[in-house]
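>
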Amino acid sequence: MTKPAPLMTAQEFADRAREIVATMRGHAAHRAIDLLTNDVLRGLGYGEGIDIFEAQVGHWHEADAAYPHAGPCPDCERAAAENEAERRAAA
């Protein structure tokens, strides 16, 4: 589990979020806001859950990934295919 980050006030969080959206665009801003939010949640003791979240969404934060994502969601498509395969196997 990750170490909790120091807590910040609601105003500090809002100020940092404003700075992010004022200086970044698109995918970079989205990633920065995600990381900021993750830091706050870690500071509240939710580090293990954030580790799980980050392990699942890391591919969305790759530098060459377009933002916003256009087209089908790879995770959703994979899950739908797995569900369909399970349904057919059970039939």
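The numbering used here applies: residue 14 is where the sequence shown begins, and numbers increase by one. All residues carry an ideal CB built from backbone N, CA and C; glycine is no exception.
How would you call ILE65, buried or exposed, if buried means at least 16 neighbouring beta carbons within 10 angstroms?
Exposed.
> With distances taken between CB atoms, is the gap from ALA45 to ILE33 smaller than 8 Å?
Yes, they are a contact pair.
> Tell me whether LEU20 sits in a helix, a strand or coil according to DSSP, three-state version.
In the structure shown, LEU20 sits in coil (DSSP, three-state: anything other than H, G, I, E or B).
> Below 8 Å on the Cβ atoms is my guess for PHE26 versus VAL70; work out the distance and round it to an integer in Å.
At roughly 20 Å, the Cβ-Cβ gap does not stay under 8 Å, so PHE26 and VAL70 are not in contact.
> If you draw a straight line from the alpha carbon of ARG140 to that of GLU95, how long is it in whole angstroms?
Residue 140 lies beyond the stretch modelled for the chain, which goes from 14 to 104, so this question has no answer here.
> Around the C-beta of ARG55, are 16 or more other C-beta atoms found within 10 angstroms, so that it is buried, or is it exposed?
Classification for ARG55: buried.
> Could you give the C-beta distance for LEU57 and ARG29, rounded to a whole number, given that I count them as a contact under 8 Å?
About 16 Å; that fails the 8 Å criterion.
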